[in-house]
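Novice: Residue numbers for the sequence shown follow numbering that gives the first Met the number 0, beginning at 0 and rising by one. Shown below is the structure under consideration.
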Amino acid sequence: MKKFTFLFALLLAVSMSFGQIVLHEDFGGGQMPPDGWSISAFATNWSVQSTANAGGVGPEARFNWSPQFSGSSNLISPSLDLSGNDSGVLLLSFKHMLDHFGGPYTLGVAARTNGGAWNTVWQILNPTGNVPAQEVSIDLDGDMVTSDDFQFSFFFSGNSYNINFWYIDDVLVMIPQEFDLAVNSIDVPDLIAGSTVVEGTVLNLGTDVIESFDLHWQLDDGDVHTTSFSGLSIELGEQFHFEADDFMDPDSGTYELHVFISNVNGETEDNNPDNDSLSKTISVAFDSVARRPLFEMFTSSTCPPCATFNNGFFNNFAYNNADDMSLIKYQMNWPGAGDPYFTPEGGIRRTYYGVSGVPNLFLEGNQLATSGAVVTNALQQALQVPSFMAIEGFYDIDGDMISIDGSIMPFADFPQSRLHVVIIESVTYGNTGTNGETEFHHVMHKMMPNAQGTVVTLSALEEYTFSFSHDMSTTNVEEMEDLMVVVFVQNHGTKEIYQSAYLTSGKFVSFNIANGETDVEPDVTIEAIYDEPVTFLDGSEITNDNAHELFVFETESGDAVPFSVFVTEDNKIIGIQPDNMLDFLTTYVIHIEDVLGADTDKTIGGGSVSFTTRDTYGTPVITFDLDDGAIEIPLDQTFVITSNQPVWHADGSDITHGTLPDIIHFHTQAGGEAVPFDAEINEDHTEIHIMPLEMLVHNTTYVLELQPVMGIDGQVTDPESIHFTTEDQTAVSSPDLSEVNIYPNPASSALFVEIPAIEGPAMLRVSDMAGNRVLEMVLQDTQVRIDVSVWKDGIYLVEVFNGKQKEIRRVSIVR
């Protein structure tokens, strides 16, 4: 965020009849106090933190309860010269958030002139709970707003023990215009799915009361949607929250959302049209899933308030909501001796969040007050927000080793995210300290690979997999069987957490297709794959006859799919084959029960896999390399017929070199005389090359026809044909070169080319039927030997020419 310094020179040089920014402080300089500011007392309680709890963008100012004091402390602005303010009004706004602990105190904003006594212009007196992030606007008037020595301050008064933190950001002092309504925010999430309301706020930055306006929104260059608001009374500095009548419901993708206003109080435009519009980039996800909110707590066994919060509320809260949330606790090495289970990785997370006191609680990357009501409400709100990725996986414990395998299925793009894999212990006892707690829950022992996590770029509908292992003997783990694994994905810059999950203990089945995979062939065979031989849970053998009992195969809507199964000889793979071709563009789900590992005697978890079949290819599209009705076609032309997909005979049988004449008809148009030819089809069965065995007749119209063929999905084409006319007599090859002799034909190891004595140099070229040149050389003698021992079997075109004359022959390589 750019920092604006206060504009003394500008204010003297420019008329103040229009709005002017006098001061804008976002604490981006990173120092406390900022340049030109001062602190009246207890300066060490004020600092700049990298957090964004006040609702702006980090960094921000923070008032801390520690070191504890009783008294008052003011963060004082520079002196501002307002002598040129003819409006008689001054607007002061800021963002803030209060993290309350308990007990009376006052915080607020005060103003003064000429270094005199402070006058309170806004305050919170003896708060009883947290104040969530909000923006405050204060209208000031009277003599102070035209003073040449104006100051304001943020103040705390009372016993600092009673507060946790007060966060402040984006302080703005502005001389308002007369008539100015601004689009202040677009409160649409960056990532949405389904029908979404367009909402946000407008802010009156002018002295005129706003009574009406028209709001418009537009996605990219699409239709403009308009909602009119009337009967309003928006005073200077007041915000109005709007919701447009029309909802957004775009297809998956990325869009630019434009919001703009017009017809304010019936006028064509206000005094400042530059702030009448706002845009933001939004992404629309392919799908959404339930969110599992993540709590991160910084605590210590030497912290008395931690014991009060944990034993008095949070332990029971976490137990009762275990199915809806994830939890990680970082034990800190303070106060005093600190918790013996502190790890440097926990210290890195502490620095990342700017934590300086315990207990300190974060939900989804945002700091929360350690208050039961606040925490309960915050969890319920977080559960209402969908997530656009699914995380699943398992971990296995073998002695001191833990092995972790998991996957993430993103339903939108998440570039440059951080994957965190955290090993915690459900309950520990060995870190008992001085605060009275005797057991500690969800204690973090190790972050994989470290506290910085793994930078990942997640692309929509592309599964991301991860694996880690660690020797836990190097940690403070007490009971290996009590370990748990938490996985979460976070935006490292904004601290937003996209999703979290607990992985499941034990090994799990894997499949030969990814969960959520698309474009699956309708004749797919699905394989359930295990690391060891498996049996039913009671130890009985799984066979081809009874493996059905493990599976449910159905469409997404619940319709059963008939299927067959097979079990490999080593009992490590169970195959599932649909009895019939699956429908196109349909989502299917296969559920599998738990089984028993025959080697380890441990349960191997079942699960499910969903996939969507591809769309049909449709009827093959046949094209010829000549346009129908083409003229001046060379007498030695080779013809190519192409299909957009592999083809077979209409009865489904394979097309081979020997059966090509059954589907290719080549004859003259007038007399129907058949043209002798050879033909080849490529390995992909998408191209057929037709080579006449004799030179075509000049000035003659021919018909080339392909009989019906079948495509991948069983659709059969109609007959396709073209007609064309050959070139004039003048194009016939020179009689001099017509005596070229090429032998043997067919050849296997060597090919000889003999040419008559002609004037000038001659060139020899050899190409395969796909047009690839395999040989090119200048002929120095009347005979040349060509080694063809490494050439593939097939038909080749041999060209001999001297610039004016050309002769083309077809030869076959056969072994």
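Backbone N, C-alpha and C fix where the C-beta goes; we use that ideal spot for every residue, glycine too.
Should the segment 183–195 be regarded as contacting the segment 106–122, the criterion being three or more beta carbon pairs within less than 8 Å?
Specialist: No contact exists between the segment 183–195 and the segment 106–122.
Novice: If you drop the 5 nearest sequence neighbours on each side, which residues of the same chain put their C-beta closer than 8 Å to that of residue 317?
Specialist: As a first step, residue 317 must be located in the sequence shown, where it is residue number 318. Excluding sequence neighbours, residue 317 sits near 294, 324, 326, 440, 441.
Novice: Distance, Cα to Cα, residue 755 vs residue 741?
Specialist: Position 756 of the sequence shown, counting from 1, holds the residue named residue 755. Position 742 of the sequence shown, counting from 1, holds the residue named residue 741. Rounded to the nearest angstrom, the two C-alpha atoms are 12 Å apart.
Novice: Please list, in chain order, all residues of the same chain as residue 234 whose beta carbon is under 8 Å from its beta carbon, the five residues on each side excluded.
Specialist: Your numbering for residue 234 matches position 235 in the sequence shown. Result list for residue 234: 138, 203, 208, in chain order.
Novice: Should the segment 281–290 be called in touch with the segment 376–391, which here means at least 3 C-beta pairs below 8 Å?
Specialist: Verdict: yes, contact present.
Novice: Under a Cβ-count criterion, where at least 16 other Cβ atoms within 10 Å of its own Cβ denotes burial, should residue 374 be classed as buried or exposed?
Specialist: Against the sequence shown, residue 374 aligns to sequence position 375. Looking at its Cβ environment, which holds 16 or more other Cβ atoms inside 10 Å, residue 374 is buried.
Novice: In the DSSP assignment, find the unbroken beta strand (DSSP E) run with residue 214 in it and report its ends.
Specialist: Looking up residue 214 in the sequence shown gives position 215. Residues 212–218.
Novice: Going straight from the alpha carbon of residue 44 to that of residue 150, what length do you get?
Specialist: Looking up residue 44 in the sequence shown gives position 45. Looking up residue 150 in the sequence shown gives position 151. Each residue's alpha carbon lies about 21 Å from the other.
Novice: For residue 764, which residues does DSSP report across the bridge?
Specialist: On the sequence shown, position 765 is the one that residue 764 refers to. Note: residue 764 sits in a beta bridge opposite 775, 798.
Novice: Check the C-beta distance from residue 565 over to residue 587 and give it rounded, since I have them as a contact under 8 Å.
Specialist: Locating residue 565 in the sequence shown gives position 566, where the first residue counts as 1. Locating residue 587 in the sequence shown gives position 588, where the first residue counts as 1. Their Cβ separation, rounded to whole angstroms, is 19 Å, which puts residue 565 and residue 587 out of contact at 8 Å.
Novice: Is residue 813 helix, strand or coil by DSSP?
Specialist: By one-based count along the sequence shown, residue 813 stands at place 814. Note: residue 813 maps to coil in three-state DSSP.
Novice: Run the CB neighbour count on residue 260, radius 10 Å, all protein chains shown included, and call it buried at 16 or more, exposed below.
Specialist: In the sequence shown, counting from the first residue as 1, residue 260 sits at position 261. With 16 or more other Cβ atoms within 10 Å, it is buried.
Novice: Could you check if residue 69 is buried or exposed, using at least 16 other CB atoms within 10 Å of its CB as the buried criterion?
Specialist: On the sequence shown, position 70 is the one that residue 69 refers to. Under this definition residue 69 is an exposed residue.
Novice: If I measure Cβ to Cβ from residue 53 and keep anything under 7 Å in the same chain, skipping five residues before and after, which residues do I get?
Specialist: Mapped onto the sequence shown, residue 53 falls at position 54. Answer for residue 53: 59, 94, 95, 96, 132, 166, 167, 168, listed in chain order.
Novice: Can you say whether residue 176 is buried or exposed, counting buried as having 16 or more other CB atoms within 10 angstroms of its CB?
Specialist: Translated into positions along the sequence shown, residue 176 becomes position 177. By the 10 Å Cβ count, residue 176 comes out buried.
Novice: Please identify the residue among 194, 179, 411 whose C-alpha is closest to the C-alpha of residue 458.
Specialist: For this step, residue 458 is matched to residue 459 along the sequence shown. The shortest Cα separation from residue 458 among 194, 179, 411 belongs to 411.
Novice: As an exercise, report each continuous beta strand (DSSP E) stretch of at least 3 residues that is fully enclosed by the segment 519–544, in chain order.
Specialist: Counting only runs of 3 or more, we get 525–528.
Novice: Mind checking whether the beta-carbon of residue 383 lies closer than 8 Å to any heavy atom of the ligand NAP?
Specialist: Annotation note on the ligand NAP: not contained in the displayed structure, which lists no ligands.
Novice: What residue from 509, 558, 488, 492 has the CA that sits closest to residue 499's CA?
Specialist: Working through the sequence shown from its first residue, we reach residue 499 at position 500. That would be 488, whose Cα lies nearest to the Cα of residue 499.
Novice: Using a Cβ-Cβ distance cut-off of 9 Å, determine whether residue 641 contacts chain D.
Specialist: Of the protein chains in the structure, only one exists, and it is not chain D.
Novice: Please state the DSSP three-state secondary structure of residue 308.
Specialist: Against the sequence shown, residue 308 aligns to sequence position 309. Helix, per DSSP.
Novice: Excluding the five sequence neighbours on either side, which residues of its own chain have a C-beta within less than 6 Å of the C-beta of residue 630, listed in chain order?
Specialist: Your numbering for residue 630 matches position 631 in the sequence shown. Same-chain partners within the cutoff: 724.
Novice: Pick helix, strand or coil for residue 852, following the three-state DSSP scheme.
Specialist: Lying before the first or after the last residue shown, residue 852 is absent from the chain, which here runs from 0 to 814.
Novice: Just to confirm before moving on: does the CB-CB distance between residue 361 and residue 299 stay below 9 Å?
Specialist: Residue numbering aside, residue 361 sits at position 362 when the sequence shown is read from its first letter. Residue numbering aside, residue 299 sits at position 300 when the sequence shown is read from its first letter. Contact: no.
Novice: Ignoring anything shorter than 3 residues or poking outside the segment 222–247, list the beta strand (DSSP E) runs there in chain order.
Specialist: The segment 222–247 contains these whole beta strand (DSSP E) runs: 223–228, 238–242.
Novice: Round the Cβ separation of residue 182 and residue 74 to the nearest angstrom and send it over; I've been treating them as touching at under 8 Å.
Specialist: Taking the sequence shown and counting its residues from 1, the one referred to as residue 182 is at position 183. Taking the sequence shown and counting its residues from 1, the one referred to as residue 74 is at position 75. Wrong, their Cβ atoms sit about 30 Å apart, outside the cutoff.
Novice: In angstroms, rounded to a whole number, what distance separates the CA positions of residue 407 and residue 465?
Specialist: For the purposes of this step, residue 407 is taken as the residue at position 408 of the sequence shown. For the purposes of this step, residue 465 is taken as the residue at position 466 of the sequence shown. When rounded, the distance between both Cα atoms is 8 Å.
Novice: By a C-beta neighbour count over all protein chains shown, 10 Å radius and 16 as the cutoff for buried, is residue 28 buried or exposed?
Specialist: One-based indexing of the sequence shown puts residue 28 at position 29. So residue 28 ends up on the exposed side.
Novice: Ignore the nearest five residues each way along the sequence and tell me which others in residue 729's own chain have a CB closer than 6 Å to its CB.
Specialist: Locating residue 729 in the sequence shown gives position 730, counting from the first residue. Any reading at residue 729 needs caution, since the residue's pLDDT is 49, under 50, leaving its predicted position unreliable; the model's value is listed next. Excluding residues within five positions, none has a Cβ falling inside 6 Å.
Novice: State buried or exposed for residue 19, treating a residue as buried only when at least 16 other CB atoms are found within 10 Å of its CB.
Specialist: Here residue 19 refers to the residue found at position 20 of the sequence shown. Flag for residue 19 reads buried.
Novice: Would you decide whether residue 795 is buried or exposed? Buried here means 16 or more other CB atoms lie within 10 Å of its CB.
Specialist: For this step, residue 795 is matched to residue 796 along the sequence shown. Buried: at least 16 other Cβ atoms inside 10 Å.
Novice: Using the DSSP secondary-structure output, state which residues sit across from residue 121 in a beta bridge.
Specialist: Here residue 121 refers to the residue found at position 122 when the sequence shown is read from its first residue. Answer by DSSP bridge pairing, in chain order: 108.
Novice: On a Cα-Cα basis, can you pick out the residue from 650, 594, 677 that is closest to residue 657?
Specialist: Position 658 of the sequence shown, counted from the start, is the residue given in the question as residue 657. Nearest of 650, 594, 677 to residue 657, Cα basis: 677.
Novice: Could you pull the start and end residues of the beta strand (DSSP E) that residue 183 belongs to?
Specialist: For this step, residue 183 is matched to residue 184 along the sequence shown. Start and end: 180–185.
Novice: Identify, in the order they occur along the chain, each residue of the same chain with its Cβ nearer than 7 Å to the Cβ of residue 518, setting aside the five sequence neighbours on each side.
Specialist: By 1-based counting over the sequence shown, the position of residue 518 is 519. Result list for residue 518: 613, in chain order.
Novice: Nearest CA to the CA of residue 164: which residue from 255, 61, 227?
Specialist: Position 165 of the sequence shown holds residue 164. When only C-alpha atoms are compared, the closest one is 61.
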